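Take a look at the structure set out below.
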Amino acid sequence: MGHNYTKDAKGQDITLEKVQELFRFLAYGETPEGMIVKYPPKVGPRKAMSIVWFLQEQMDILPDRFEMCVTCKEIYDTYTEGGYNEKTGRHHCDWCAR
Ligand SMILES: [Zn+2]
């Protein structure tokens, strides 16, 4: 698969895994290993996706290729999988589209 991810401020790829990590932090307060956060957020998947969306659309920080599947509430890469239903305006990962 040909990945051409956008780069972060350090020149590293903003990968699916990184966005999933951010998403789990926002939604469930899960921190990456070795990281301690005194007041972790825990806003749930829908609100977490709103924050990710803001970083994508308003800040142009995160690439907009990443979407949340409405069914399983996981982040997936729309360039490599999933589908968008124009009627419902909903995104699905491959797993849930089956
Ligand atoms: Zn899914």
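At the far end of the sequence shown sits residue 122, using the numbering used here, and the numbering has no gaps.
We put the CB at the ideal spot given by N, CA and C, even for glycine.
Remember, predicted model here, so these are calculated numbers, not experimental data.
So does residue i have its beta carbon nearer than 7 Å to some heavy atom of ligand 1?
i	result
Trp77	no
Glu98	yes
Thr55	no
Thr39	no
Thr95	yes
Between residue i and the rest of its own chain, which residues show a CB-CB distance below 8 Å, the 5 nearest in sequence each way excluded?
i	result
Tyr29	Asp37, Ile38, Thr39 and Pro87
Ile80	It should be noted that the sequence gives Gln, not Ile, for residue 80. Excluding residues within five positions, the ones whose Cβ falls inside 8 Å are Leu86, Pro87, Asp88 and Phe90.
Looking only at its own chain, which residues have a Cβ that is under 6 Å from the Cβ of residue i, when we skip the five neighbours before and after it?
i	result
Asp32	Ile38
Tyr108	His115
Leaving out the 5 sequence neighbours to the left and right, which residues in its chain are closer than 7 Å to residue i when beta-carbon positions are compared?
i	result
Arg89	Asp101, Thr102 and Tyr103
In terms of DSSP beta bridges, what is residue i paired with?
i	result
Ile99	Met92
Note the first and the last residue of the continuous beta strand (DSSP E) segment covering residue i.
i	result
Tyr126	The displayed coordinates of the chain run from 25 to 122. Any statement about residue 126 would go beyond what the structure contains.
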